[in-house]
Every structure is written in structure tokens, then in C-alpha cells.
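Worksheet: the structure to be examined is printed underneath.
Set out below in C-alpha cells:
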């Protein structure tokens, strides 16, 4: 998680969901909930927040393209 925290910069914004790390910078302008909710979870394990919202399979498909590890 420390490496995830270190990568909060404009060319890459990382978050962790279910043990996977995602660079979500390309999702900022497309996220239905707005960029702010993504930025609030930048650099942290966002699993609980992601699950609480109840994201669809489409959300997982979008994340697959952003997986960095």
C-alpha cells in the first residue's frame, strides 16, 4: 500500500481494490460518480468503498484495463 500512496501524481493515480492495484487516471472524466469520489480513494485500499457502492460488472471491465498489478 505504501507504493500505492507514493503514486498520487497527475500522470498516474493508483488505488487498491481486492488486492489489485489500478491506475485510475483515465477513469476520472468517465466515472458516473465524478472524479472527486475517485480522488478521495487515491493511494489507499478502496475495497470497502467499492463494494459498498455495489459496482456492476461493467465497472470491473473498466478496471481491468487499468490494472497495474
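In the working numbering, the protein residues as written are 496 to 564. Here a beta-carbon is modelled for each residue, glycine too, at the ideal position from N, C-alpha and C. Remember, it's a predicted structure, so these values are computed and weren't measured experimentally.
Beta carbon of residue i nearer than 7 Å to that of residue j
i, j, result
"residue 542", "residue 508", "no"
"residue 516", "residue 549", "no"
"residue 510", "residue 537", "yes"
"residue 518", "residue 561", "yes"
"residue 526", "residue 533", "yes"
Residue i: CB within 6 Å of a non-hydrogen atom of the ligand GTP
i, result
"residue 563", "In the structure shown, the ligand GTP is absent, as is every other ligand, since no ligand is present at all."
Bounding residues of the alpha helix (DSSP H) (the contiguous stretch that carries residue i)
i, result
"residue 539", "Looking at the DSSP string, residue 539 is not in any alpha helix (DSSP H), and its letter there is neither H nor E."
Residue i - partner residues in DSSP beta bridges
i, result
"residue 561", "Residue 561 is not bridged to any residue."
Buried or exposed (CB count within 10 angstroms, at least 16 for buried), residue i
i, result
"residue 553", "exposed"
At 3 residues or longer, and completely inside the stretch 500-533: list those beta strand (DSSP E) runs for me, N to C. Counting whole runs of 3 or more residues, the stretch 500-533 contains the beta strand (DSSP E) stretches 507-512 and 515-518.
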